[in-house]
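Engineer:
Residue numbers (the numbering used here): 10 to 523.
Okay, here's the thing in structure tokens:
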């Protein structure tokens, strides 16, 4: 199944609001945000807004913080623990659904309409990207430098995305590597992150001089102050909606090859429609087939677990005898049109970051965050249950954007309240450690590079490795139940292991950043 992640920026900014300091203390030496914040994978760019610097705090009472020292008085900046914990939680969920989703299909990606635990991962990371961009670009010393770093970061994301998810790596089960360029997958998780990061960051940088320095008492002042960011989001929304409901989708054909030596079997899907949101004739798939070519799309779409394709739905199973042709077809869940819609998730996230910058009282931040989260949740649910626009991760529908962004706002508010307001952070330290080194955990765990390395040292045959021995003898045979054994393996041999690894890296001061 898809593995989802988002990449975080690597430059911190100095801040002027009050959240307890002392968690991280790492600094890249720059007081401006020239590097941007594609936050989610390398965990480096939380912007650190909301952190008290040593000697700054004069008074803190009932969530209100007054600070005396200016940003120029200290070079140290510290991270927002709640944002690290949120990112770490998202990575933990990603590992859980990727590796235990096969045994617990209810947490795996929804076959089409609907939203499961796995479907929250991608928009959560994009939301974090947006929050981090706002914080990282709070200060910009030179706009050209900021643009250069944004472009370099985008190129890095594209490179790693194609390398890890383009088909070159066959980890962890297949020890071979390489990809047929006729079938390379151009789209992927990191490529989607790159697009959202590029667009939202450039808007933030180009509108730097027009930003408000102070907000009035009007609750909508923050929306007016950052109107260009919302305009960019509206443009992305308009492109997506107009294309989705206005583009004519003709009949299309493909060749399904299930290992046959005769060249496979040809199928034709009848369409000739507009505005369809089903698997067969939606504009999202049509755009990708036309732009990338059908051979370059994801070859194992989750719709193969839908009721129209298998009686085992929502689990995987044999295809029905009367399964429609599209059940055999490829589909790109991180395609071009759906990635344009994904920009909205980062746009909403950047608004939450702006709230963190401008509102100085904890209660004001939480009130604004929670109110917006509730509005988004209700909007998404109304669109879904009225069948106007169903919640759909594969299409990245507008209702899906609203529902998942509202959920992300709730989760961030929860962590912020517990960790940064009430200082109840120790139970979440393992999440913070993972969140601070999330790029490392993504590559080693989510993309299975570490298990593949271990599997390379086998005994007699490639199936007899330490990883498989642990799975079989410590978890499966002990519990005599595959589902429980799989879940416990993921929790203790993967999540706990990577948490310990991230904690060791943190203690050693090692952080992998793009």
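Glycine included, every Cβ here is placed at the ideal spot set by N, Cα and C.
Out of 193, 320 and 340, which one is the CA nearest neighbour of residue 309?
Structural biologist: Taking the chain shown and counting its residues from 1, one reaches residue 309 at position 300. It is 340.
Engineer: Thinking C-alpha only, which one of 356, 353 and 377 is nearest residue 364?
Structural biologist: In the chain shown, the residue the question calls residue 364 occupies position 355. For residue 364, the nearest C-alpha among the options comes from 377.
Engineer: Could you tell me whether the segment 383-398 touches the segment 432-444, using the rule of 3 or more Cβ pairs below 8 Å?
Structural biologist: The segment 383-398 is not in contact with the segment 432-444.
Engineer: Mind checking residue 336: buried by the 16 CB within 10 Å criterion, or exposed?
Structural biologist: For this step, residue 336 is matched to residue 327 along the chain shown. Residue 336 comes out buried.
Engineer: With H, G and I counted as helix, E and B as strand and the rest as coil, what does DSSP make of residue 63?
Structural biologist: For the purposes of this step, residue 63 is identified with residue 54 of the chain shown, where counting begins at 1. Only weak support exists for where residue 63 lies, its pLDDT of 36 falling under 50; the value from the coordinates is given anyway. Coil.
Engineer: Have a look at 202, 165, 145 and 148 and flag the residue whose alpha-carbon is nearest the alpha-carbon of residue 551.
Structural biologist: Beyond the ends of the chain as shown, which are 10 and 523, falls residue 551; an answer cannot be given.
Engineer: Should residue 395 be labelled buried (16 or more other beta-carbon atoms within 10 Å of its own) or exposed?
Structural biologist: Taking the first residue of the chain shown as position 1, residue 395 is located at position 386. Per the 10 Å Cβ criterion, exposed.
Engineer: Sorted by chain position, which residues of the same chain lie with C-beta nearer than 8 Å to residue 422's C-beta, five sequence neighbours on each side aside?
Structural biologist: Working through the chain shown from its first residue, we reach residue 422 at position 413. Taken in chain order, the residues that qualify are 375, 378, 379 and 382.
Engineer: In whole angstroms, what is the alpha-carbon distance linking residue 274 and residue 247?
Structural biologist: For this step, residue 274 is matched to residue 265 along the chain shown. For this step, residue 247 is matched to residue 238 along the chain shown. One C-alpha to the other measures close to 38 Å.
Engineer: 9 Å is my cut-off, CB to CB: does residue 469 come that close to chain D?
Structural biologist: Structure shown: chain D not included; a single protein chain is present.
Engineer: Pairing CB atoms from the segment 283-303 with CB atoms from the segment 170-183, are three or more of them under 8 Å?
Structural biologist: Too few Cβ pairs lie closer than 8 Å, so no.
Engineer: Does the Cβ of residue 103 have 16 or more other Cβ atoms within 10 Å, making it buried, or fewer, making it exposed?
Structural biologist: In the chain shown, counting from the first residue as 1, residue 103 sits at position 94. Buried, by the Cβ-count rule.
Engineer: Could you check where the alpha helix (DSSP H) with residue 101 kicks off and where it finishes?
Structural biologist: Position 92 of the chain shown holds residue 101. Start and end: 90-109.
Engineer: Exposed or buried, residue 357, counting other C-beta atoms within 10 Å across all chains shown (16 or more means buried)?
Structural biologist: Locating residue 357 in the chain shown gives position 348, counting from the first residue. Label assigned to residue 357: buried.
Engineer: Can you tell me which of the three DSSP states residue 378 falls into?
Structural biologist: Numbered from its first residue, the chain shown carries residue 378 at position 369. Helix.
Engineer: So, for residue 261: in the same chain, excluding its five sequence neighbours on each side, which residues have a beta-carbon less than 6 Å away from its beta-carbon?
Structural biologist: Stepping through the chain shown from its first residue, residue 261 is reached at position 252. 278, listed in sequence order.
Engineer: Do residue 256 and residue 283 have their CB atoms nearer than 9 Å?
Structural biologist: Within the chain shown, numbered from 1, the residue matching residue 256 stands at position 247. Within the chain shown, numbered from 1, the residue matching residue 283 stands at position 274. The answer is yes: Cβ separation under 9 Å.
Engineer: With 16 other CB atoms within 10 Å as the buried threshold, where does residue 194 fall?
Structural biologist: Position 185 of the chain shown, counting from 1, holds the residue named residue 194. Looking at its Cβ environment, which holds 16 or more other Cβ atoms inside 10 Å, residue 194 is buried.
Engineer: Where do the ends of the alpha helix (DSSP H) carrying residue 243 lie?
Structural biologist: As a first step, residue 243 must be located in the chain shown, where it is residue number 234. Counting along the chain, the alpha helix (DSSP H) containing residue 243 begins and ends at 236-255.
Engineer: Please report how far the alpha carbon of residue 166 lies from the alpha carbon of residue 126, in whole angstroms.
Structural biologist: Indexing the chain shown from 1 puts residue 166 at position 157. Indexing the chain shown from 1 puts residue 126 at position 117. Residue 166 and residue 126: Cα-Cα distance of roughly 25 Å.
Engineer: Rounded C-beta distance between residue 316 and residue 128? I'm assuming under 8 Å.
Structural biologist: Along the chain shown, read from residue 1 onward, the residue named residue 316 stands at position 307. Along the chain shown, read from residue 1 onward, the residue named residue 128 stands at position 119. Contact flag wrong, Cβ pair sits at about 18 Å.
Engineer: Per DSSP, residue 362 forms a beta bridge with which residues?
Structural biologist: Position 353 of the chain shown, counted from the start, is the residue given in the question as residue 362. Residue 362 pairs with nothing; no bridge assigned.
Engineer: Three-state secondary structure (DSSP) at residue 151?
Structural biologist: Here residue 151 refers to the residue found at position 142 when the chain shown is read from its first residue. Coil at residue 151, not helix or strand.
Engineer: Given 8 Å as the limit, is there contact between the segment 98-114 and the segment 492-504, that is, 3 or more CB pairs closer than that?
Structural biologist: These segments touch.
Engineer: Per the contact definition of three or more C-beta pairs closer than 8 Å, is the segment 478-489 in contact with the segment 197-217?
Structural biologist: Cβ pair count under 8 Å is below three, so no.
Engineer: Using the rule of at least 16 other Cβ atoms within 10 Å of the residue's Cβ for burial, across every protein chain shown, is residue 54 buried or exposed?
Structural biologist: Indexing the chain shown from 1 puts residue 54 at position 45. Note on residue 54: pLDDT 48, under 50, position unreliable in the model; no value is reported.
Engineer: Are the beta-carbon atoms belonging to residue 199 and residue 238 less than 9 Å from one another?
Structural biologist: To locate residue 199, count along the chain shown from 1; it is residue 190. To locate residue 238, count along the chain shown from 1; it is residue 229. Contact: no.
Engineer: Of the choices 241, 420, 362 and 263, whose alpha-carbon is the least far from that of residue 211?
Structural biologist: Against the chain shown, residue 211 aligns to sequence position 202. The option with the nearest alpha carbon to residue 211 is 241.
Engineer: Specify, as a first and last residue, the run of the beta strand (DSSP E) that residue 308 falls within.
Structural biologist: Indexing the chain shown from 1 puts residue 308 at position 299. Unbroken run through residue 308: none, as it is neither H nor E.
Engineer: What does a CB cutoff of less than 6 Å around residue 266 pick up in its chain, not counting 5 residues either side in sequence?
Structural biologist: Within the chain shown, numbered from 1, the residue matching residue 266 stands at position 257. If we look at residue 266 and ignore the five residues flanking it on each side, its Cβ neighbours are 273.
Engineer: Do you know offhand how far residue 169's Cα is from residue 331's?
Structural biologist: Here residue 169 refers to the residue found at position 160 when the chain shown is read from its first residue. Here residue 331 refers to the residue found at position 322 when the chain shown is read from its first residue. Roughly 40 Å separates the two Cα atoms.
Engineer: Please return the same chain residues whose Cβ sits closer than 6 Å to the Cβ of residue 424, not counting the five positions on each side in sequence.
Structural biologist: Taking the first residue of the chain shown as 1, we reach residue 424 at position 415. Cβ within range, chain order: 91, 94 and 95.
Engineer: Would you kindly report the start and end of the unbroken alpha helix (DSSP H) that includes residue 408?
Structural biologist: Within the chain shown, residue 408 is the residue found at index 399, counting from 1. Unbroken alpha helix (DSSP H) run through residue 408: 407-424.
Engineer: So, is residue 302 buried or exposed, given that buried needs 16 or more other C-beta atoms within 10 angstroms?
Structural biologist: Here residue 302 refers to the residue found at position 293 when the chain shown is read from its first residue. Residue 302 should be labelled exposed.
Engineer: Evaluate contact between the segment 406-415 and the segment 345-359, counting only Cβ atoms and requiring at least three cross-stretch pairs below 8 Å.
Structural biologist: Judged by Cβ distances under 8 Å, the segment 406-415 makes contact with the segment 345-359, as three or more pairs qualify.
Engineer: Distance, Cα to Cα, residue 118 vs residue 110?
Structural biologist: In the chain shown, counting from the first residue as 1, residue 118 sits at position 109. In the chain shown, counting from the first residue as 1, residue 110 sits at position 101. So the alpha carbons of these two residues sit roughly 8 Å apart.
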